Structures are given as structure tokens and as C-alpha cells.
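In UniProt numbering, the protein residues as written are 1 to 539.
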């Protein structure tokens with residue numbers, strides 16, 4: 001009986017969104033939802049995707065910082081403020097001896113072909129291959145710089161899962177029109193996943209959902225592991241993970257590896273590997289219809305067979321049975337938005353593929369989803385989805401704002417979250433991760449294809465390891481907030497790897513509309529989980 005618990009908490013800003021008489025208020029310095037993150041062995045946080053939402057899709061009416069209310073504010077400033085709040089929470093609540101903290105980098109979208117040197121591409125639709133090489137021709141999402149800035153000031157250890165570059169290279173990994181919205185809604189940001197309720201098949205005892213992790217044998221035997229897309233909480237009794245992101249693997253998985261004492265796992269390129277994908281998305285029961293691009297009619301298949309390859313070392317192949325054994329008796333929670341769900345579904349499919357004949361149970365009640373694989377060792381995987389509130393106002397302290405700069409709001413919210421972590425997390429029991437910013441691909445000019453208006457039609461990643469577009473401002477905010485935390489939080493810096501994958505979005509195959517934000521499954525999020533697995537193996 002593994003007893004692994006994997007949970008996901010849907011919390012797209014990390015800080016609080018409160019419904020008041022004046023409307024919905026995004027409170028950049030409030031993080032009451034942090035109560036859910038207490039007692040977790042490993043926390044993996046992520047936030048960025050929703051900070052630039054405007055119009056009807058904007059889930060708030062005002063921003064509040066302290067006593068000041070804003071109708072709107074610079075979104076990068078808001079982002080950094082929120083990250084600092086989160087960093088404060090980590091420094092105040094996390095005990096590094098009991099909890100490990102990770103922060104996921106920026107997962108980009110692919111809505112502009114100019115970013116990956118295909119100006120004729122207007123979305124990720126039709127992208128079939130990652131950007132070649134390890135460099136994304138477009139700019140790096142500015143949010144990544146903010147993430148790193150915040151993380152650099154945090155007092156507690158936080159590990160960045162820097163997924164930005166690897167996701168930038170996967171313009172082919174989004175649902176595009178094969179997502180939930182179909183041809184009426186293009187998704188080049190992610191492949192959104194909803195876990196079907198299957199009470200008749202499951203009896204779950206999980207609190208959170210697992211994201212990307214790997215550890216040495218026996219490391220997690222007595223601690224719950226929580227994975228959150230915006231916030232992944234992992235409770236590990238182990239030394240703080242070294243910032244150098246090095247790893248040494250003593251296990252032979254049949255793949256040649258370089259041994260490296262200091263390897264940046266998040267700097268690399270996408271390479272074609274016909275041994276991928278890690279699972280068959282057509283038969284995985286956990287993929288949301290909007291992310292199952294193959295089922296939605298996407299004709300190309302090259303995007304399924306790209307593997308993230310760091311410049312200075314090789315990643316071990318994800319071993320699902322090994323993962324279940326290592327996390328026996330643990331709880332893993334994912335807290336975040338639809339990109340968190342994107343990653344949760346990826347992990348669920350990888351593990352299901354490892355034990356295809358195992359019975360499993362899935363229970364979904366409101367924001368909490370719990371998944372358990374009932375094999376002979378009876379591991380438990382938990383997914384917790386935090387309630388998402390569409391807000392009308394921002395509130396910081398006593399001040400309400402109808403709107404405020406999204407980056408400022410983001411920063412305040414993250415700062416609130418960081419304070420919660422610092423105040424509530426015991427690093428000896430819980431490990432915290434923060435997912436970096438996953439990029440979108442809606443403007444081809446970002447990857448040197450100015451005539452492209454989305455990720456639609458993209459079939460290959462951007463070659464190399466450099467993205468030609470601008471950096472996401474949220475990256476800086478995230479790193480800034482994390483850097484100021486006192487408790488350890490590990491950043492999963494996925495921004496670059498997502499920037500390079502203009503071909504990885506659902507595009508027109510999302511089931512409605514153009515989706516160059518989410519990611520097709522199988523696809524880019526599988527690399528996020530492989531990176532997490534690699535990092536855990538190093539602990």
C-alpha cells in the first residue's frame with residue numbers, strides 16, 4: 001500500500017478574491033486560502049495565466065492593496081505584489097525541515113507565429129512540431145523575471161521549476177481548436193483538463209494532485225505529498241534541495257545520461273524522440289475533451305513525440321511504477337488554474353499507463369478531486385481544485401479598486417501567498433513547489449512569424465534554446481517574491497520550454513475557439529512532470 005495522496009487546489013491568483021457588496025475584489029495582500037496548504041509535505045505553486053485577463057473573462061472588478069482600492073493597475077505590478085504576499089506566507093508558515101516548496105515557471109501560450117518565426121501563423125492551430133533546438137526566437141515572458149526576482153529574495157528555500165523555455169518551444173502542444181471550446185474557441189495556452197466524476201469506480205482518500213516529482217527510494221514513506229499547479233505542496237523529511245538543480249541517477253532506465261553536478265534542467269531544447277509520448281491520450285480516461293487534440297481531429301502527430309532535453313544533462317524517463325512506490329503513503333496537492341489541471345491530467349495519465357490494469361477511484365466534490373490507484377500497494381493520488389471566483393473589484397487592505405495594473409495585483413497576491421507559506425508551512429513536513437509561467441502563442445511576431453496570428457497550424461517547436469519574443473513580466477514577479485521568502489519554495493521554471501512549443505497547443509482542436517494557451521495531452525505538460533520527477537530524484 002503506497003498510500004500516496006495527490007491533491008490539487010485551484011487557486012489562479014494564490015491571493016484571495018472576495019465577493020463584496022461593491023463587487024469582486026482581488027486582494028493582493030490577503031492569502032486566507034493558505035489554510036488549505038498547511039500540513040502538506042510538498043507544495044508546488046503556480047500562478048500567472050489569469051493575470052492578464054480582461055473584459056468578461058476577467059474574474060474581478062477591483063484590486064485592493066492595503067486600504068487602497070483600484071479599478072485596475074499595471075498587471076505586472078499586481079503580479080509581483082501578489083507573489084510577494086505569497087513569499088511572505090512561505091517565509092512565515094513553512095518549516096523547511098518538514099515541507100518542501102516548489103514554484104512552477106511560466107507556461108507560455110502560442111497565439112502569434114512571429115514569436116517562433118512563422119509570421120503567417122496566427123495561432124497554434126496546425127502546429128505539429130516543437131520549435132527546433134533549445135532557443136525560442138520570441139521574447140521570454142516578462143512574468144518569469146518577476147518570479148525569479150521574488151524567489152531570489154525569499155528566505156525559505158523555494159525551488160523554481162523553470163518550464164518556460166521548454167514550453168515556449170512547444171507551439172505544437174496546445175489544444176488549439178481541439179480543446180473544450182472547439183473551433184469557436186482557440187486554446188493556444190494549455191490543454192485544459194477536467195477530471196470526470198467516477199464515484200462508482202473510485203473510493204479516494206486524497207487531498208491534492210501530483211505535478212512533477214522524483215525522489216530517492218524511501219524518501220516519502222511517512223509524509224503526505226501535495227502537488228499544486230499554482231501551489232504544489234510536498235511534505236518531505238529531507239535536506240533542502242540544492243539550488244543548482246543537479247541530479248545523479250543510479251537507476252538504469254535504458255537511456256544514456258550525462259552525469260552533472262550542476263545542470264540547469266530548464267535550459268534546453270525540444271528533440272524528436274519516437275519513443276514518446278509516455279502514454280496514449282486516446283485511451284487515457286483523465287483527459288478533458290478540450291485537451292484531447294487527437295480525439296478532436298488534429299491530423300498531425302509529430303508534436304506528440306518531442307522530448308525536453310536540457311543543454312547539459314539528460315533527464316531520466318518518467319517511471320510511473322517507481323513514482324508510485326516512492327510516494328507510498330504520501331499526499332500530493334496541486335493548487336492553481338486550468339494549467340494546473342493540464343499538468344494534473346498529464347500525471348494521472350502517466351501513472352495510469354504504468355498500472356493500466358489497476359482499479360482506481362475518482363471523486364470530485366466542488367474544488368476537491370481525489371484520485372486513488374488501487375493496485376497491490378494501494379497508492380493514493382489526490383487532486384484538490386480550489387474554488388475559482390470571478391471578481392469585480394480588487395481589495396488590498398481596506399482599499400477597493402475596480403481595476404488595477406495586473407502585474408501589481410499579481411505581485412501583491414503572490415506576496416500574500418508567500419507570507420502564508422512562511423507563516424504556515426513546516427519545511428520538515430511539507431515541501432513546496434511553485435509552477436513557473438506557462439506561455440501562450442497568439443502572436444507570431446513573438447517567434448519571428450509576424451504574419452501568424454495564433455498557434456493554429458504550428459507543427460514543430462521553435463528550434464534551439466532561445467525564444468525570440470519578450471520575457472513575461474510575471475516571471476520577474478514570481479522570482480522576486482520567492483526570493484524574499486523565508487521558507488523553502490522550489491520554482492518549476494517551465495517558461496522557456498513552453499515558449500519553444502508553439503506547436504503544442506490545441507489551437508482549433510480544443511472543441512471550440514482558438515486555444516493557444518493550454519496544451520494538448522499527451523504533450524508539453526508531460527515534460528513538466530518529468531522535470532519534477534527528476535528534481536525529486538535528486539532530493
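Backbone N, C-alpha and C define an ideal beta-carbon position, used for all residues, glycine too. Model, not experiment: these values are computed from the prediction.
Of the residues the options, which one's Cα is nearest the Cα of residue i?
i	options	result
residue 11	4, 310, 126 and 32	32
residue 124	398, 460, 482 and 36	460
residue 98	90, 169 and 299	90
residue 38	74, 494, 421 and 7	421
residue 117	458, 343 and 78	458
residue 146	490, 269 and 482	482
residue 569	534, 504, 510 and 497	The requested residue 569 does not occur in the structure, where the chain is confined to residues 1 to 539.
residue 348	329, 328, 335 and 324	324
residue 429	51, 101, 84 and 335	101
residue 187	528, 110 and 75	110
residue 141	510, 307, 52 and 291	52
residue 75	47, 93, 66 and 96	47
residue 484	308, 340, 2 and 411	411
residue 26	487, 15 and 36	15
residue 29	316, 170, 353 and 85	85
residue 528	273, 167 and 302	167
residue 436	291, 179 and 531	531
residue 451	43, 113, 83 and 55	113
residue 78	453, 169, 416 and 524	416
residue 518	292, 490 and 396	292
residue 539	13, 55, 23 and 42	42
According to the neighbour-count rule (16 or more other Cβ atoms, all chains shown, within 10 Å of its Cβ), is residue i buried or exposed?
i	result
residue 321	exposed
residue 282	exposed
residue 502	buried
residue 175	buried
residue 346	buried
residue 280	exposed
residue 438	buried
residue 515	buried
residue 244	Legend: pLDDT at residue 244 = 28, less than 50; position of this residue unreliable, value from coordinates given subsequently. Answer is exposed; the Cβ neighbour count stays below 16.
residue 8	buried
residue 157	buried
residue 299	exposed
residue 275	exposed
residue 269	buried
residue 398	exposed
residue 336	buried
residue 471	buried
residue 314	buried
residue 285	exposed
residue 57	exposed
residue 120	exposed
residue 21	exposed
residue 5	buried
Would DSSP call residue i helix, strand or coil?
i	result
residue 516	strand
residue 178	coil
residue 157	coil
residue 81	helix
residue 8	strand
residue 205	With a pLDDT of only 29 at residue 205, under 50, the local geometry of the prediction cannot be trusted, and the value read off the model is given with reservation. If DSSP states are grouped into helix, strand and coil, residue 205 belongs with coil.
residue 457	coil
residue 306	strand
residue 251	Confidence in residue 251 is poor, its pLDDT being 32 and thus under 50, which makes the residue's placement too unreliable to answer from.
residue 140	coil
residue 395	strand
residue 121	strand
residue 355	coil
residue 428	strand
Tell me, please, whether the CB atom of residue i is closer than 8 Å to any CB atom in chain B?
i	result
residue 529	Absent from the structure is chain B; it holds one protein chain and no more.
List the endpoints of the continuous beta strand (DSSP E) containing residue i.
i	result
residue 288	Looking at the DSSP string, residue 288 is not in any beta strand (DSSP E), and its letter there is neither H nor E.
residue 44	42 to 46
residue 539	Run containing residue 539: none; DSSP gives neither H nor E here.
residue 437	431 to 443
residue 104	100 to 112
residue 64	62 to 65
residue 333	331 to 335
residue 73	68 to 74
residue 26	23 to 27
Would you kindly report the start and end of the unbroken alpha helix (DSSP H) that includes residue i?
i	result
residue 479	474 to 482
residue 272	Not the alpha helix (DSSP H): residue 272 falls in the beta strand (DSSP E), residues 268 to 272.
residue 15	Per DSSP, residue 15 belongs to no alpha helix (DSSP H) and is neither H nor E.
residue 320	320 to 326
residue 496	495 to 499
Taking contact to mean at least 3 C-beta pairs separated by less than 8 Å, is the segment 353 to 360 in contact with the segment 69 to 82?
-> No, because fewer than three Cβ pairs between the segment 353 to 360 and the segment 69 to 82 fall closer than 8 Å, the two stretches do not touch.
Taking 8 Å as the threshold, find out whether the segment 126 to 142 comes into contact with the segment 460 to 470 through three or more Cβ pairs.
-> Contact between the segment 126 to 142 and the segment 460 to 470 is present, because at least three Cβ pairs lie under 8 Å.
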